[in-house]
Amino acid sequence: MKTALVVDDSRVVRMVARRLLERQSFVVSEAQNGQEALTACYDAMPDMILLDWNMPVMNGLEFLKSLRASPGGTTPKVIFCTTMNDIDHITQALSLGADEYIMKPFDADILNEKLEVVGLIQELSE
Amino acid sequence: MDELLREFLTETSESLDVADAELVKFERDPNNREILNNIFRLVHTIKGTCGFIGLTRLAALAHAAETLMDKFREGMPVTPDAVSLVLVSIDRIKLLLAELEINEGVEPEGSDSDLIEQLLAMAALEIVAPPPPVPATVPVPAKPVGMGALVTQSLERELLPGEVPLDELERLFRQTEVEVPMKGASKQKLPAAPKPAALPAPVEEAAKTVPAKSSGKPILVKDDEHPSKKDEDGAHGTPVAAQSIRVSVGMLEHLMTMVSELVLTRNQLLEIARRNEDHDYKVSLQRLSNVTGELQDAIMRTRMQPIGNAWQKLPRIVRDLAQELGKHVELEMHGSETELDRQVLDQIKDPLTHMVRNSADHGLEMPEERRRLGKSEKGLIRLSAYHEGGFVIVKISDDGKGLDLARIKAKALENGLADEAELAKMSDGQIFRFIFAAGFSTAAKVTSVSGRGVGMDVVRSNIESIGGTVDVQSKAGSGSTFIIKIPLTLAIMPALIVEVSGDRFAIPQNAVLELVRVKADSEHAVRRLNDSPVLCLRNQLLPILHLGRLLGLVDSSVETTEAEFENRLIAVMHVGNESFGVVVDSVSHTEEIVVKPMSSVLRQVSLVSGSTILGDGHVIMIIDPNGLAQSVATTSEATAANVLASSVHADADADQVMSLLLFRAGSEDVRAVPLSLVTRLEELSQETIEKVDGRSVIQYRGKLIPILVANGAPAEKGVGTRPMLIFSHDAQVMGLAVDEIVDIVESQLDLEIASTSPQTVGGAIINGRATEVLDVGYFLSQAFSDDANHLSSKAEQPRLLLVDDSPFFRNLLQPVLKGKGYAVIACASAHEALERLAADNRFAAIVSDVEMPEMDGFSFAEAVRGKLGMTDVPIIAMAGSNPSLAIQRGRAAGFTDCVAKFDRPGLISALQEFTGSAQGEAA
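Listed in order, the protein sequences are those of chains U and Z. Each residue of the first sequence is one higher than the one before, starting from 38 at the first, in this note's numbering. Each residue of the second sequence is one higher than the one before, starting from 450 at the first, in this note's numbering.
Given below as structure tokens:
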């Protein structure tokens, strides 16, 4: 069973992401900021993290930095979630070890493609 | 509604509320990056989520707002205009959200291009700040990063300003050098040496945290430093958010209900255990009982919310208001973490908002005015909340001009809430409380903000409906403070369980003052006043409600008698300004009850507010004290706090209540005189009494006036001072020396005992005591003996029936007619007058208004002449308009004479003419 952690301060986004990921048979847990996400990762590293950038308490970049520097922290695939305005953050995130990025809003197709890219799901069943 | 959409609506409106408040803070403190980042994030999140729901209109607007916010972040100066524009945009978003909710997720038609253009134009204004500290594009490494295939993403719309094409992004992404190996140890990092010089700072920082890079070892290194580093990261700014989950209110309500059931079952078990001594399960039961209690407490706590939630919108409201009014207003909030039940919180949100608006609008002065008064230009509104007993106290104070006592008085007079004499006796606090009366607004002009005259009364009734109270303190020139006292929770309350006609009911304990048992010979007796039973309780006469009758459990057509109340229990209740007694059959006990709301089909039943389950499992109704109060007279309501007596049949009798001055003179007995007949109250220096022609006189306002004592004899010269009532009639002025002024009360003047002495018109029950009512006419006649003859004999005082639907005219005419020596019985309608006449036709004359609702003067006269067969009694009609026409028609109907309504001398002479025999005999 693959596990996914959705890190976003918006319940709506978490809800959407959860639906899409569960459709791909992920076991999904949620965190509302980087701090919570780190705690969750220390408990159990997920296979995949869908990471928002702009969150209170600890933002996505800080989280990513800490995660990648942690024991076992390089295992999870990190898909960095962002909007059109955040190019600088995408470059930063990628530098810090994000595997992919995805633009908000995303739909099932885009997310699945990204999941394929990072090797977490196989060719989509038609 | 779709779950996602509902979630979106709640989340977004929460975010907007916070953004509102933060923006106001930001305007004051434009250099605070943390606030700015907060706002930016909120708007950003809203924009982001809109996309998921497919709300393009909202997303576009949020995007434009975000663009402007971003400019602030880049150092654009923050102007009030710009903040206003963002606030307006937020308002528009709220509007769209509201429509979205109504339309089940369909965005309303229309465009926000107006706002978007403004926002973008504002954002495009000069940016004076240095270029943002954004890392330059990362130098492109020579080789492509072999990571995944290129995914094409297409966008089916034009790019918004500030957006970057996807391809561009994708290219950037592919070109970005990756610092950290992705596949663990297997993938070695590139040699670190040829590092580009212009690496962006964050990346460099990241690099620094990677130890031993020169060795070319994989990054995956255990390092003890890191956990602490993380802690620091986490600890920056706010503490780590508490672990929490969201639970729907419905779920909490359900839990609450279940716990209530559990409590009830526990109570039943305890009841059984009490009956069976020494059982094995006693200990376990005790434990169950404790745990249940704790569980109940815990569930109660989940319903608690900080009052700050209700305050969240206030900074924005005050800010907008201040701009609109051109005032400088500072809003301070203390104790926003004070918790109270969310149901209570919902109820006080609106009243609080209204009161804060009021303080800003009415309370605080304009800046120039404040400067003139030596105050700081910036007005202060302070909100504070704290716990006290089982209540939450919320104070709203301002340092403005304070309430205008004179204007409130004038307004109270104008609205007929009190008369001059009452006002004179009231404390400032009592007068301030008039602002809570219905339709009361002292605002000089109606502004868009407040001053429509609905407000404080609504505030009061909202707060009272949740068992709270509101009071006001004010000091001219230094401001006002409103104090709201509200119960912590409505869900559980102590109640008195009473029985009526075999059914049990719960009466909320906080409305019950005391329980009394009626005894005819004790001080708790029931008397009749104006055909209604009243409870004499110490110094008060309280209207009595019969719960059984109100609820239709007892046949209400059966007349009540005093005897029926003997030995009955009466719960004395106090609701708002109203005190009254409620007759019940028996009182069993008090119990903490769990309030279950009334089913919606029964909500309009005002007498009951809900139901509860008792310890023995029975379901009973909870009586609503406010509903009871509504059934009681509204008299005292209308005449402010100090009315001591009022009757159950308020509508019929309210107008007969008059102000009576109570005093002692010559004996210990309290006597009364209608206040309207007393011109002034003075202190009499007894040394100044002079004897002229066998009469005692004093100099009063440049005149010699006769002065008498209560038995009609002239006052004697003495030492010291004593109170003196001044009576005047036409040009005649006299003084009556008394021993002591006792009180001024509102009461029906219903003479029940015929007069036995010439000084009185009879005896009435006032304040529960038989009181002699002074005959002013007698004293005037004694003082001016040349006039006195026709007034000398009280036994022959002719009785007049005055019929007028206008309380104003009844009040106007009664003293005039009484002064002329008539005993006046007033009726507010023709029907009432006919009833009176049917019971007692010994009237010397009838004075009737012509124009009255339901039955006019003509029909009334016909009925008197025809149905009652009273052919001889003179009927004098008062016509408001065109008396001659009324005379023509009136003659046929049975009028003896007709006078114009304001023609008092005409009325008097007509009366003297037609009741001539009675007058003549005396003369």
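By construction, the Cβ of each residue, glycine as well, lies at the ideal position given by its N, Cα and C atoms. Quantities reported herein were computed from a predicted structural model and do not represent experimental measurements.
Nearest by alpha-carbon distance to Z/Leu-937: which of Z/Val-1003, Z/Glu-1027, Z/Leu-991, Z/Ala-834 is it? Nearest neighbour of Z/Leu-937 by Cα position, chosen from Z/Val-1003, Z/Glu-1027, Z/Leu-991, Z/Ala-834, turns out to be Z/Ala-834.
Under three-state DSSP, which class holds Z/Ser-1177? Looking at Z/Ser-1177 - three-state DSSP - the assignment turns out to be strand.
Interface flag, Z/Arg-506 vs chain U, CB-CB below 7 Å: no
Helix or strand or just coil, what does DSSP make of Z/Val-1158? Of the three classes helix, strand and coil, the one that applies to Z/Val-1158 here is strand, per DSSP.
Please name the residue in Z/Arg-1120, Z/Arg-1144, Z/Gly-1115, Z/Gly-1169 whose C-alpha comes closest to that of Z/Leu-1133. Z/Gly-1169
So, at 8 Å on beta carbons, what are the nonlocal neighbours of Z/Ile-1190 in its own chain, with the 5 sequence-adjacent residues on each side left out? Leu-1110, Leu-1111, Phe-1112, Leu-1130, Pro-1172
How do the region 775–793 of chain Z and the region 813–833 of chain Z stand: do at least 3 beta-carbon pairs fall below 8 Å, yes or no? yes
7 Å is my cut-off, CB to CB: does Z/Glu-523 come that close to chain U? no
Check the DSSP bridge columns for U/Tyr-138 and list the partner residues they point to. Note: U/Tyr-138 sits in a beta bridge opposite U/Phe-117.
Threshold first: 4 residues or longer. Then list the alpha helix (DSSP H) segments lying entirely within the region 754–781 of chain Z, N to C. 757–760, 763–774
For the alpha helix (DSSP H) containing Z/Arg-477, list its first residue and its last residue. Z/Arg-477 -> alpha helix (DSSP H) spans 452–477.
Which residue spans inside the region 1208–1285 of chain Z form an unbroken beta strand (DSSP E) run of at least 3? List check, beta strand (DSSP E) in window: 1209–1215, 1218–1223, 1248–1252, 1272–1276.
Cross-chain neighbours of Z/Glu-460 in chain U, by beta carbon under 9 Å: Ser-47, Arg-48, Val-49
Measuring only between beta-carbons, confirm whether Z/Arg-998 sits less than 7 Å from chain U. no
So, is Z/Met-700 buried or exposed, given that buried needs 16 or more other C-beta atoms within 10 angstroms? exposed
Bounding residues of the alpha helix (DSSP H) (the contiguous stretch that carries U/Val-43): Not the alpha helix (DSSP H): U/Val-43 falls in the beta strand (DSSP E), residues 39–44.
Could you name the residues of the same chain whose beta carbon sits closer than 6 Å to that of Z/Lys-474, not counting the 5 residues immediately before and after it, in chain order? Ile-484
Listed by chain order, chain Z residues near U/Lys-141 by CB distance under 7 Å: Gly-497, Gly-500
Taking only three categories from DSSP, how would you classify Z/Leu-1000? coil
Residue of Z/Ala-1328, Z/Glu-1311, Z/Met-1327, Z/Ala-1326 minimising C-alpha distance to Z/Thr-426: Outside the modelled stretch of chain Z, which goes from 450 to 1372, sits residue 426 of chain Z, for which no answer is possible.
Cβ atoms of Z/Val-1296 and Z/Ala-1335: under 7 Å apart, would you say? no
Assuming the contact rule is C-beta atoms closer than 8 Å, Z/Gly-928 and Z/Ser-846 should be a hit. Round their C-beta distance to whole Å, please. 6 Å
Do you know how far the Cα of Z/Arg-1285 is from the Cα of Z/Ser-1278? Answer to the nearest angstrom: the Cα atoms are 11 Å apart.
Using a beta-carbon distance below 7 Å, is Z/Leu-801 in contact with chain U? no
The beta strand (DSSP E) enclosing Z/Gly-1030, as first and last residue numbers: Taken as a continuous stretch (DSSP letters only), the beta strand (DSSP E) holding Z/Gly-1030 covers 1027–1033.
Nearest-angstrom beta carbon gap, Z/Val-1225 and Z/Gly-1184 [assumed within contact, 8 Å]: So it is not a contact: roughly 12 Å between Cβ atoms.
Amino acids of chain U, ordered along the chain, whose beta-carbon sits closer than 7 Å to that of Z/Phe-457: Val-49
What in chain U is Cβ-close to Z/Arg-490, meaning under 8 Å? Asp-46, Asn-91, Met-92, Pro-93
Are Z/Ile-946 and Z/Ala-960 closer than 7 Å when you measure CB to CB? no
Z/Val-1127: buried (16+ other C-beta within 10 angstroms of its C-beta) or exposed? By the neighbour-count rule (16 or more Cβ atoms within 10 Å), Z/Val-1127 is buried.
Z/Val-908 and Z/Pro-800 closer than 7 Å at C-beta: yes
Alpha-carbon spacing of Z/Ile-748 relative to Z/Val-696, whole angstroms: 12 Å
Can you tell me which of the three DSSP states Z/Val-1127 falls into? Three-state DSSP puts Z/Val-1127 in a strand.
If you measure between the beta carbons of U/Leu-98 and U/Gln-72, is that distance less than 7 Å? no
Note down, in chain order, all residues in the region 51–66 of chain U with a beta-carbon under 7 Å from any beta-carbon belonging to chain Z. Met-52, Val-53
In chain order, which continuous runs of the beta strand (DSSP E) of length 3 or greater are located wholly inside the region 816–848 of chain Z? 827–837, 840–847
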